[in-house]
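This note's numbering applies: residue 10 is where the sequence shown begins, and numbers increase by one. Notes follow the structure.
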Amino acid sequence: MLYKSLHNRWLRLVAAVAGEFLAALALNLFIVPLNLYSGGLMGLCQLIRTLLLTKAGIDFGGQDIAGILYFISNIPILLAAYKTLGRGLVIKTIICTVSYSFFYSVIPVPAAPIVEDYLTACLLGGILGGVASGIVLTCGGSGGGLDIVGLCLSKRGSNFTVGKFSLTFNAFLYAACLILFIPEVAIYSVIYNFFTSMVLDRMHQQNVSVQALIFTKESDGKLAKFVMEKLGRGVTYWGGTGAYTGTNLHVLMVCLSKYEIEELLRAVHTIDDHAFITVQEHVRVYGNFRRKLE
10 MLYKSLHNRW
20 LRLVAAVAGE
30 FLAALALNLF
40 IVPLNLYSGG
50 LMGLCQLIRT
60 LLLTKAGIDF
70 GGQDIAGILY
80 FISNIPILLA
90 AYKTLGRGLV
100 IKTIICTVSY
110 SFFYSVIPVP
120 AAPIVEDYLT
130 ACLLGGILGG
140 VASGIVLTCG
150 GSGGGLDIVG
160 LCLSKRGSNF
170 TVGKFSLTFN
180 AFLYAACLIL
190 FIPEVAIYSV
200 IYNFFTSMVL
210 DRMHQQNVSV
220 QALIFTKESD
230 GKLAKFVMEK
240 LGRGVTYWGG
250 TGAYTGTNLH
260 VLMVCLSKYE
270 IEELLRAVHT
280 IDDHAFITVQ
290 EHVRVYGNFR
300 RKLE
């Protein structure tokens, strides 16, 4: 069921929108009631909203305009990222961004915090928000904002992951919060964002590189052809000999994302059900390695 959901276009879109709902829910239930700030572009929009209310004295009739500001600020980012990420991801991002802005605006913020302990609220909100954002990215979408910038850097071969880029940007954002507000606001906002970023990087499967070694007796090249044509990955292979049986076999090595590994396992089982695979996660890949984001 999970495999079908992650590889069916429409189910992935539904899952991405559901992830945006969870992200907005985590923010409005655990973070906003404590007057803390999200990270990234949404955090910046929340900060601008607060400054407009407190410093400029602009009254928005009790309406939280951070969601509207977030949607508007994503427009130039999406236009700039169109060539790098392609039409498909940009369209999904527009859908996800609209969904996130809508959910953030309509989900009611509790009058009193559900969880009064700041650390517990940051932990719960960070885990739920990180899982939600990871689902969105794994399903080929994006909530916009810094996710888009981080994806562009990742696709261009930068050492920045989406989570690491967010942490760098948020260092400056929360420094501003430290200057403008009481220290507790900045400190607990940092803790919330840290949990979110760490969970996000674990959940974002396309961001996790793996190395697979396939040991097979299949000799007509079907496995290598599948990896190259269906997965779009290069394959290196060499001959080997089973020490116990003395029979010849082929060893195929391929580097790919964690998102693609399930499809590889299914193909290997179909082509040669006697083959076995070893998989090493979180390998560092340098040079000519294509990062697939959709």
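The C-beta atom is built at its ideal place from N, Cα and C for all residues, glycine as well. Every value quoted in this text rests on a predicted model; they were computed, and no experiment measured them.
For the stretch 75 to 92 against the stretch 116 to 131, are there 3 or more C-beta pairs whose distance is under 8 Å?
no
Who are the Cβ neighbours of I286 in its own chain at under 8 Å, not counting the five residues just before and after it?
For this step, residue 286 is matched to residue 277 along the sequence shown. Cβ within range, chain order: A221, L222, I223, F224, L273, L274, V277.
First and last residue of the uninterrupted alpha helix (DSSP H) at E61:
Along the sequence shown, read from residue 1 onward, the residue named residue 61 stands at position 52. According to the sequence shown, residue 61 is Leu rather than Glu. Start and end: 49 to 63.
Could you tell me if D156 is buried or exposed, where buried requires 16 or more neighbouring beta carbons within 10 angstroms of its beta carbon?
The residue given as residue 156 occupies position 147 in the sequence shown. Buried.
If we call anything under 8 Å between Cβ atoms a contact, is L128 one with I200?
The sequence position of residue 128 within the sequence shown is 119, counting from 1. The sequence position of residue 200 within the sequence shown is 191, counting from 1. Their beta carbons are under 8 Å apart, which means L128 touches I200 by this criterion.
Is T205 near G251, with beta carbons less than 8 Å apart?
Against the sequence shown, residue 205 aligns to sequence position 196. Against the sequence shown, residue 251 aligns to sequence position 242. Not a contact, by the Cβ cut-off of 8 Å.
Please classify H283: does DSSP put it in a helix, a strand, or coil?
Residue numbering aside, residue 283 sits at position 274 when the sequence shown is read from its first letter. H283 falls in the coil class under three-state DSSP.
Let's test the definition: count the other Cβ atoms within 10 Å of the Cβ of M10 and tell me whether it reaches 16, buried, or not, exposed.
Taking the first residue of the sequence shown as 1, we reach residue 10 at position 1. Any reading at M10 must be qualified, since the residue scores a pLDDT of 47, below 50, and its modelled position is unreliable; the value itself is stated next. The residue is exposed, with fewer than 16 neighbouring Cβ atoms inside 10 Å.
Can you find the residues in the same chain that come closer than 7 Å, C-beta to C-beta, to Y12, ignoring five residues on each side of it along the sequence?
Position 3 of the sequence shown, counting from 1, holds the residue named residue 12. Because the pLDDT of Y12 is 48, which lies under 50, any placement of that residue in the model is unreliable, and the number read from its coordinates should be weighed accordingly. E271.
Please report the straight-line C-alpha distance between V260 and R211, rounded to a whole angstrom.
The count along the sequence shown starts at 1 and reaches residue 260 at position 251. The count along the sequence shown starts at 1 and reaches residue 211 at position 202. For V260 and R211, the distance between alpha carbons rounds to 29 Å.
For R21, which residues in the same chain have their Cβ closer than 6 Å to its Cβ, ignoring the five residues on either side in sequence?
Walking along the sequence shown from the start, residue 21 turns up at place 12. Within the same chain, R21 has close Cβ partners C148, G149.
CA-to-CA distance, I191 to L176, given in whole angstroms:
The sequence position of residue 176 within the sequence shown is 167, counting from 1. The sequence position of residue 191 within the sequence shown is 182, counting from 1. Cα to Cα, the separation comes out at about 21 Å.
On the CB-based measure, 16 or more other CB atoms within 10 Å of its CB, does S228 come out buried or exposed?
Counted from its first residue, the sequence shown places residue 228 at position 219. Its Cβ having fewer than 16 others within 10 Å, S228 is exposed.
Can you tell me whether V23 is helix, strand or coil according to DSSP?
Taking the first residue of the sequence shown as position 1, residue 23 is located at position 14. The answer is helix: DSSP assigns V23 an H, G or I state.
In chain order, what residues of the same chain lie with their CB nearer than 7 Å to the CB of F174, ignoring the 5 residues before and after it?
Taking the first residue of the sequence shown as 1, we reach residue 174 at position 165. Closer than 7 Å at Cβ, skipping near neighbours: L155, V158, G159, L162.
Starting from H259, follow its DSSP beta bridges and name the residues at the other end.
Looking up residue 259 in the sequence shown gives position 250. H259 pairs with T225, G248.
Leaving out five residues before and five after G49 in sequence, what residues of the same chain have Cβ atoms less than 6 Å from its Cβ?
The residue you call residue 49 lines up with position 40 of the sequence shown. So the qualifying residues of the chain are G154, L155, S175.
Boundaries (first-last residue) of the alpha helix (DSSP H) holding Y79
Counted from its first residue, the sequence shown places residue 79 at position 70. Per DSSP, Y79 belongs to the alpha helix (DSSP H) from 75 to 115.
Counting C-beta neighbours from all protein chains within 10 Å, is the total for R58 16 or more, i.e. buried, or is it exposed?
Along the sequence shown, read from residue 1 onward, the residue named residue 58 stands at position 49. It counts as buried.
For A35, which residues from the same chain have a beta carbon less than 6 Å from its beta carbon, with the 5 sequence-adjacent residues on both sides left out?
The residue you call residue 35 lines up with position 26 of the sequence shown. These residues qualify, in order along the chain: G134, L137, G138.
May I have the straight-line CA-CA distance separating F80 from T106, to the nearest angstrom?
Position 71 of the sequence shown, counted from the start, is the residue given in the question as residue 80. Position 97 of the sequence shown, counted from the start, is the residue given in the question as residue 106. So the alpha carbons of these two residues sit roughly 7 Å apart.
Identify whether L11 lies in helix, strand or coil by the three-state DSSP scheme.
By one-based count along the sequence shown, residue 11 stands at place 2. Residue confidence for L11 is low, a pLDDT of 47 falling below 50, so the modelled location carries little weight; the figure read from the coordinates is stated next. Here L11 sits in helix by DSSP.
Taking Y127 as part of the alpha helix (DSSP H), name the residues at either end of that continuous run.
Within the sequence shown, residue 127 is the residue found at index 118, counting from 1. 127 to 147 is the extent of the alpha helix (DSSP H) around Y127.
Quick test of your reading: L53 and L209, contact by CB under 8 Å. State the CB separation rounded to the nearest angstrom.
Mapped onto the sequence shown, residue 53 falls at position 44. Mapped onto the sequence shown, residue 209 falls at position 200. Between L209 and L53 the Cβ distance is about 18 Å, and since that is not below 8 Å, they are no contact.
So, for I86: in the same chain, excluding its five sequence neighbours on each side, which residues have a beta-carbon less than 6 Å away from its beta-carbon?
Taking the sequence shown and counting its residues from 1, one reaches residue 86 at position 77. Here the set comprises I157.
Quick one: is V23 buried, meaning 16 or more other Cβ sit within 10 Å of its Cβ, or exposed?
Start at 1 with the first residue of the sequence shown, and residue 23 comes out as number 14. With fewer than 16 Cβ atoms within 10 Å of its Cβ, V23 is classed as exposed.
At the level of alpha carbons, what is the spacing between I188 and E238?
The residue given as residue 188 occupies position 179 in the sequence shown. The residue given as residue 238 occupies position 229 in the sequence shown. Rounded to whole angstroms, I188 to E238 spans 54 Å at the Cα level.
Nearest residue (CA-CA) to K226, options Y113, P42, T254, I84
Counting from one through the sequence shown, the residue named residue 226 turns up at place 217. Nearest of Y113, P42, T254, I84 to K226, Cα basis: T254.
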